[in-house]
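J.: Position 442, counted from 1, in the sequence shown is what numbering that gives the first Met the number 0 calls 441; the numbers after and before it change by one each time, with no gaps. Note that beta-carbon positions come from the ideal geometry of N, C-alpha and C, so glycine has one too. Bear in mind the structure is a predicted one, so any value in this text is a computation, not a measurement.
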Amino acid sequence: MTSASAGAADSRPLAARFVTNPTPFAPDQAQQRVAGWLADLPGEDAGVWRAVIDGHSHANAILHGIAEFSPYLFDLIRLDPARGLRVFTCRPEDHMTALIAQARNEAAAAADEASVMQVLRRLKAEAALLIALCDIGGVWPVGQVTSALTDVAVTSVQCAVRFLLSQEVERGRLLTKDPQHPEEGSGLIVLAMGKMGAGELNFSSDIDLIVFYDPDKGQLSESVEASPFFARLAQGIARLLQQRTGDGYVFRVDLRLRPDPASTPAAVSVEAALHYYEREGRTWERAAMIKARPCAGDLASGDALLSEISPFVWRKHLDFAALTDVHDMKRQMQSFRGQSEISVEGHNVKVGRGGIREIEFFAQTQQLIAGGRHPELRVRPTLMALDILAANNWIAQGVREELASAYEFLRRVEHRIQMVADEQTHTLPADREGIERFARFFGYADRASFAADLLRHLNCVQGHYERLFEGDPTEPEKAPDVDYGAGPDDARLLDQLRRLGFKTPRTVAETVQHWMAGEYRALKVESTREAFREFVPNLLRGLSRAEYPDAAVNEFDRFLQALTRGGRLISLLAQNKDVVALVALILGAAPRLGDMLARHPQIMDGLIDPRFFGAMPDRDELSARLTATLADADSYEEFLDRLRMFGQESLFLTGTRILSGTVSAQQASTAFGDVAEGIVHTVHDLTARQFAEQHGLIKGQQTAILAMGKLGGREMTASSDLDLILIYDFDHDHPDSDGSRSLHGAQYFARYTQRLISAFTTRTNYGVLYDIDMRLRPSGRAGPVATRLDAFADYQDNEAWTWEHMALTRARVISGPPDFQKQIEELIARVLMRPRDIHIIANDVLEMRKAVADEKGENDIWDLKYAAGGIVDIEFLAQYLQLIHAAEKPGILNVNTMQVYDNAVKLGVLASSDAEILRPAARLYQNLTQVLRLCVSEKFKPDTAGEDLLRVMTRAADAPDFSAVEARLRETQAEVREIFLKLMQARP
0 MTSASAGAAD
10 SRPLAARFVT
20 NPTPFAPDQA
30 QQRVAGWLAD
40 LPGEDAGVWR
50 AVIDGHSHAN
60 AILHGIAEFS
70 PYLFDLIRLD
80 PARGLRVFTC
90 RPEDHMTALI
100 AQARNEAAAA
110 ADEASVMQVL
120 RRLKAEAALL
130 IALCDIGGVW
140 PVGQVTSALT
150 DVAVTSVQCA
160 VRFLLSQEVE
170 RGRLLTKDPQ
180 HPEEGSGLIV
190 LAMGKMGAGE
200 LNFSSDIDLI
210 VFYDPDKGQL
220 SESVEASPFF
230 ARLAQGIARL
240 LQQRTGDGYV
250 FRVDLRLRPD
260 PASTPAAVSV
270 EAALHYYERE
280 GRTWERAAMI
290 KARPCAGDLA
300 SGDALLSEIS
310 PFVWRKHLDF
320 AALTDVHDMK
330 RQMQSFRGQS
340 EISVEGHNVK
350 VGRGGIREIE
360 FFAQTQQLIA
370 GGRHPELRVR
380 PTLMALDILA
390 ANNWIAQGVR
400 EELASAYEFL
410 RRVEHRIQMV
420 ADEQTHTLPA
430 DREGIERFAR
440 FFGYADRASF
450 AADLLRHLNC
460 VQGHYERLFE
470 GDPTEPEKAP
480 DVDYGAGPDD
490 ARLLDQLRRL
500 GFKTPRTVAE
510 TVQHWMAGEY
520 RALKVESTRE
530 AFREFVPNLL
540 RGLSRAEYPD
550 AAVNEFDRFL
560 QALTRGGRLI
570 SLLAQNKDVV
580 ALVALILGAA
590 PRLGDMLARH
600 PQIMDGLIDP
610 RFFGAMPDRD
620 ELSARLTATL
630 ADADSYEEFL
640 DRLRMFGQES
650 LFLTGTRILS
660 GTVSAQQAST
670 AFGDVAEGIV
680 HTVHDLTARQ
690 FAEQHGLIKG
700 QQTAILAMGK
710 LGGREMTASS
720 DLDLILIYDF
730 DHDHPDSDGS
740 RSLHGAQYFA
750 RYTQRLISAF
760 TTRTNYGVLY
770 DIDMRLRPSG
780 RAGPVATRLD
790 AFADYQDNEA
800 WTWEHMALTR
810 ARVISGPPDF
820 QKQIEELIAR
830 VLMRPRDIHI
840 IANDVLEMRK
850 AVADEKGEND
860 IWDLKYAAGG
870 IVDIEFLAQY
880 LQLIHAAEKP
890 GILNVNTMQV
900 YDNAVKLGVL
910 ASSDAEILRP
920 AARLYQNLTQ
930 VLRLCVSEKF
940 KPDTAGEDLL
950 RVMTRAADAP
960 DFSAVEARLR
970 ETQAEVREIF
980 LKLMQARP
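#1: Classify Phe335: buried if its beta carbon has 16 or more other beta carbons within 10 angstroms, exposed otherwise.
#2: Determine contact between the region 183-193 and the region 130-142, defined as no fewer than three beta-carbon pairs at a distance below 8 Å.
#3: Give the range of the beta strand (DSSP E) segment to which Ser226 is assigned.
#4: Whole angstroms are fine: how far does the CA of Ala265 sit from the CA of Val1050?
#5: Residues in its own chain within less than 6 Å of Asp770 by CB, not counting five upstream and five downstream?
#6: In whole angstroms, give me the CA-to-CA distance for Ala632 and Asp947.
#7: Can you check DSSP and say which residues form a bridge with Gln701?
#8: So which of Ala299, Glu874, Ser268, Phe311 has the shortest CA-CA distance to Gly280?
#9: Considering only C-alpha positions, which residue in the set Val419, Ala420, Met515, Arg833 is nearest to Asp796?
#10: What does Phe211 pair with, by DSSP beta-bridge criteria?
#11: Taking 7 Å as the cut-off, decide whether the C-beta atoms of Tyr751 and Phe690 are in contact.
#12: Looking at Ala670 and Met603, is the spacing between their C-beta atoms short of 7 Å?
#13: Starting from Val47, trace the alpha helix (DSSP H) in both directions and tell me its first and last residue.
#14: In terms of residues, what are the limits of the beta strand (DSSP E) holding Thr786?
#15: Please work out which residues of its chain come closer than 8 Å, Cβ to Cβ, to Leu696, disregarding the five sequence neighbours upstream and downstream, and give them in chain order.
#16: Report yes or no: do three or more beta-carbon pairs, one from the region 675-686 and one from the region 750-765, lie closer than 8 Å?
#17: Since Arg833 is in the alpha helix (DSSP H), which residue starts that stretch and which ends it?
#18: What residue from Arg32, Glu518, Tyr747, Asn458 has the CA that sits closest to Phe729's CA?
#19: Can you name the start and end residues of the beta strand (DSSP E) that Pro21 belongs to?
#20: Can you tell me where the beta strand (DSSP E) with Ile61 in it begins and where it stops?
#21: Compare the C-alpha of Leu639 against each of Phe162, Tyr765, Asn902 and name the closest.
#22: Just checking, does the region 967-978 make contact with the region 867-880 on the three C-beta pairs under 8 Å criterion?
#23: Sort Ala299, Leu298, Gly296, Met288 by Cα distance to Ile308 and report the nearest one.
#24: With distances taken between CB atoms, is the gap from Met707 to Ala810 smaller than 7 Å?
#25: Would you mind sorting Ala126 into buried or exposed? The rule is 16 or more other CB atoms within 10 Å of its CB.
#26: Run through DSSP, which three-state label would His414 get?
#27: Considering Pro487, what are the terminal residues of the alpha helix (DSSP H) in which it resides?
#28: Checking the sheet assignment: what are the DSSP bridge partners for Leu723?
#29: State the CB to CB distance for the pair His884 and Ile891, rounded to an integer number of angstroms; the pair is presumed to be in contact (CB under 8 Å).
#30: What did DSSP end up calling Ala663 once you bin it into helix, strand or coil?
#31: Out of curiosity, what's the CA-to-CA distance linking Ala745 and Pro26?
#32: Threshold first: 4 residues or longer. Then list the alpha helix (DSSP H) segments lying entirely within the region 918-963, N to C.
#33: If the criterion is Cβ atoms closer than 7 Å, does the pair Ala508 and Gly486 meet it?
#34: Buried or exposed: which applies to Asp318, given that a residue is buried once 16 or more other Cβ atoms fall within 10 Å of its Cβ?
#35: Nearest-angstrom Cα distance between Glu112 and Phe211?
#36: For the region 440-448 against the region 165-180, do three or more pairs of beta-carbon atoms, one drawn from each stretch, fall closer than 8 Å, so that the two count as touching?
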């Protein structure tokens, strides 16, 4: 690495070298924050700081910009002003070199693990601040920024490895000729993968490592077994780097790129690795190995291993199988991630259309194709690969320049996103104000100017990416004239199907022969049959673009057999050919959505809407759509049908976006919740009006609907039912309604609630709207279906069990008059803020968790809700923290589990190290749950799940393959269960 070499001739301090800075958005707030911080410093220190920023205008603007836009960076300065001052006044290249040298020396002299961890965390904190300032201030170009970040990571891993091996030498478990350098000849190989391997780490990057060992190289004592020894070392490396302490963490470590991570230990023997790559290695693993680099341990053995793996990565001949692998890789990369539209708000600059991943794939694809015969292409950094491709005329010089410019721009955007809170995210803010603020942090005058540059780069990348396979024989511009009904014995048809990319052309030809013969119910009408026959060539071309074309044909065939009327759907598909592969994904991964499409083909209209892959509709837009849908319903029955149609179309569209990877799980939860809330409010209002027409009104009557569970917590999925409680009140001195069919008080609201439930659950031609669960009302099934406000308050104060108060932490009024809503919310807050005995609450929670485990079981890791360390543990823990702390710290209260953990950390009642496990765990469970609730009606069993579903789940977990998903899930559940039990037992 050469992070310190550039800029070596400039001897000015960093504060004098800044050339760019953020643009203020709320300058008064930033000024107040900085002034308050300076006022708290000792007089002499404050004077030095003022001299630095007053003497350098860019430095002043950067400090205020950080105070406004980046809590993470401002904390690095605020919590250690001396560190901040060192960085602002240093010569950055020299300081970077000195930091790394100092860390190496101090780590080598460290007496224990805690000391090493402190050394590395202090290195990371100061280096992160230095690198961020050099990026924000325009002092270092992107390449120098990523190189410096990689230097810190490599240094950290090497220090961790040397410390751990030195300990083993002291214990007599490892023999070495050089105790000062125990890694040499140890047989321990640590490969840096991905961006670390290429020297391209981003600001808040995880580091991907694979740990191998060669037992023939290292000398272990006779009593030591190699596999567990090296596995413990690998786990130790991860622990030293990622465990959170008072000094933070160094890097999050991912060890799951190793061969078959679900069934292999954390370190894999060289022999097993070579056997795996030779027999089972996949395309993505070939691509990953392009960037692999030995970074720590026995570097000579690492180089030797890469040489042995080289034939797996770099094929000698550009044969048909290699082309097929590359084309499969292209399909998997596309995965319909916003394919039809590039956006600004909410766009993912890494994996979204036109993003960083497409530039990397553009280079890696051509490296895989030609690197076997052209060794000069075997380079790790993306920009270097583009340079060599252009120099050797694989791509035009202009293409290289455009992609390199886009790459540098998008990497700077990525870094700035991550500098806000030191989070491994690549997604821009989802709303216009958030983008406006981000644009200012990035140095732009406003959103419009930033958006113009962003869209220019994204569209440029997308254009080059889509043209990558022009002239590829698997994607001909015009299909030859063949008889698609000729069957599996027609050579011309088989040849055409092979050219399209089908791997079992005889099977596909036989299926298509049935289509052409019109043997299905949906094709009995002559006009429909003729339209379908004309559509078949384009249909096959569309299906060939699915991730697995042969499976897509099978799924479409199954769908066609289930279809009763085909005219409208076939017409829509014929006119919108780009949707065909997306429909194939739906059919393959989510039969529930496929059945919905077969019954009501018109719901596919939403897929054709240009807005489909844009920003998700917000609550106001959904409300407007719902109003328009219901506007001219001329009967109650039609009203119910249209409500169900709206609900099903919304579920279908959101579900499709989950499958295609174009929305996050949280965005999907919000969308499902917004639709449900809009429908509940509409049904609530209509039912009240209709009921009043029959039975009149009671003086002073008010009703509100309280959402509990997933709807209350804004965590809905495609299959969530609605946990509701209806609360009412009225003038107790006048309890009778004034209608012709008068009802008395409680009877009035019980009948009204039954009418309300019926509107949701009555089955019409379009099915059921939602299943309603009202068991969380006072006294559950034994209590009245509607609850008067004072009775609700009395029950919560005097009769409710702990579990009912836990459920109450997620209660949220979603429909009702504002004043009545406020009354209910104040009542709930008063109940939750009541002082409680921590011992009683902890015992109650543990007993309830045990009862749930006894009833539901907790040993199936894929039962995400009930598994030990699963969703129930996550939710119970958040509810427990609220009940025991809300009396003194009401700011902890929130209906959303993730927000509770954020609040708990800010209030000091949850350790950051625990939150750093719980929050990613909650996100992982949410991501997987959204997919499973959409696609699976029974228990999920990986062994019998379809390939489409496994691919969607792998994408949802952001993992390289399903084995890595399973490995991560096991690790996460074990960590969550450990924290759950620790906190339940940590009582004063």
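T.: Quick look at the numbers:
#1: Taking the first residue of the sequence shown as 1, we reach residue 335 at position 336. Residue placement at Phe335 cannot be trusted, given a pLDDT of 42 that sits under 50; what the coordinates show is reported in the next sentence. By the 10 Å Cβ count, Phe335 comes out buried.
#2: no
#3: The residue given as residue 226 occupies position 227 in the sequence shown. It is not in any beta strand (DSSP E) - Ser226 instead sits in the alpha helix (DSSP H) that spans 225-241.
#4: Past the edges of the chain, shown from 0 to 987, lies residue 1050, and the structure says nothing about it.
#5: Reading the sequence shown from its first residue, position 771 is the one you call residue 770. Result list for Asp770: Asp720, in chain order.
#6: Your numbering for residue 632 matches position 633 in the sequence shown. Your numbering for residue 947 matches position 948 in the sequence shown. About 39 Å.
#7: In the sequence shown, the residue the question calls residue 701 occupies position 702. According to DSSP, which records beta bridges pairwise, Gln701 is partnered with Asp728.
#8: Here residue 280 is taken as the residue at index 281 of the sequence shown, counted from 1. Among Ala299, Glu874, Ser268, Phe311, the Cα nearest to that of Gly280 is on Phe311.
#9: Position 797 of the sequence shown holds residue 796. It is Arg833 whose Cα lies nearest to the Cα of Asp796.
#10: Against the sequence shown, residue 211 aligns to sequence position 212. Note: Phe211 sits in a beta bridge opposite Ile188, Val267.
#11: Along the sequence shown, read from residue 1 onward, the residue named residue 751 stands at position 752. Along the sequence shown, read from residue 1 onward, the residue named residue 690 stands at position 691. Cβ atoms of Tyr751 and Phe690: closer than 7 Å.
#12: Taking the first residue of the sequence shown as 1, we reach residue 603 at position 604. Taking the first residue of the sequence shown as 1, we reach residue 670 at position 671. No, these two residues do not count as a Cβ contact at 7 Å.
#13: If you number the sequence shown from 1, residue 47 lands on position 48. Where Val47 is concerned, the enclosing alpha helix (DSSP H) stretches over 42-53.
#14: Taking the sequence shown and counting its residues from 1, one reaches residue 786 at position 787. Looking at the DSSP string, the run of the beta strand (DSSP E) that includes Thr786 is 785-787.
#15: To locate residue 696, count along the sequence shown from 1; it is residue 697. Cβ neighbours of Leu696 beyond the five flanking positions: Ser736, Asp737, Gly738.
#16: yes
#17: What you label residue 833 is simply residue 834 of the sequence shown in a count that begins at 1. No alpha helix (DSSP H) holds Arg833; DSSP gives it neither H nor E.
#18: In the sequence shown, residue 729 corresponds to position 730, counting from 1. Selected option, being the one with the closest Cα: Tyr747.
#19: Reading the sequence shown from its first residue, position 22 is the one you call residue 21. No beta strand (DSSP E) holds Pro21; DSSP gives it neither H nor E.
#20: In the sequence shown, residue 61 corresponds to position 62, counting from 1. Counting along the chain, Ile61 falls outside any beta strand (DSSP E), though it belongs to the alpha helix (DSSP H) covering 56-68.
#21: Taking the sequence shown and counting its residues from 1, one reaches residue 639 at position 640. Cα-wise, what sits closest to Leu639 is Tyr765.
#22: yes
#23: Locating residue 308 in the sequence shown gives position 309, where the first residue counts as 1. For the residues Ala299, Leu298, Gly296, Met288, the minimum Cα distance to Ile308 belongs to Met288.
#24: For the purposes of this step, residue 707 is taken as the residue at position 708 of the sequence shown. For the purposes of this step, residue 810 is taken as the residue at position 811 of the sequence shown. Cβ distance < 7 Å, so Met707 and Ala810 count as in contact.
#25: Counting from one through the sequence shown, the residue named residue 126 turns up at place 127. By the neighbour-count rule (16 or more Cβ atoms within 10 Å), Ala126 is buried.
#26: For this step, residue 414 is matched to residue 415 along the sequence shown. Helix, per DSSP.
#27: Indexing the sequence shown from 1 puts residue 487 at position 488. Where Pro487 is concerned, there is no enclosing alpha helix (DSSP H), given that its DSSP letter is neither H nor E.
#28: As a first step, residue 723 is located in the sequence shown; it is residue number 724 there, counting from the start. BP columns for Leu723 point to Ala706.
#29: Residue numbering aside, residue 884 sits at position 885 when the sequence shown is read from its first letter. Residue numbering aside, residue 891 sits at position 892 when the sequence shown is read from its first letter. Yes, His884 and Ile891 are in contact; Cβ-Cβ is about 5 Å, under 8 Å.
#30: The residue given as residue 663 occupies position 664 in the sequence shown. What sits at residue 663 in the sequence shown is Ser, not Ala. Three-state DSSP puts Ser663 in coil, outside helix and strand.
#31: On the sequence shown, residue 745 is found 746 positions in, with the first residue counted as 1. On the sequence shown, residue 26 is found 27 positions in, with the first residue counted as 1. Whole-angstrom Cα-Cα distance: 56 Å.
#32: 946-955
#33: As a position in the sequence shown, residue 508 is number 509, starting the count at 1. As a position in the sequence shown, residue 486 is number 487, starting the count at 1. Closer than 7 Å, so yes.
#34: Counting from 1 along the sequence shown, the entry for residue 318 is found at position 319. With a pLDDT of only 38 at Asp318, under the threshold of 50, the placement of this residue in the model should not be trusted, and no figure is reported.
#35: On the sequence shown, position 113 is the one that residue 112 refers to. On the sequence shown, position 212 is the one that residue 211 refers to. C-alpha separation (whole angstroms): 23 Å.
#36: no
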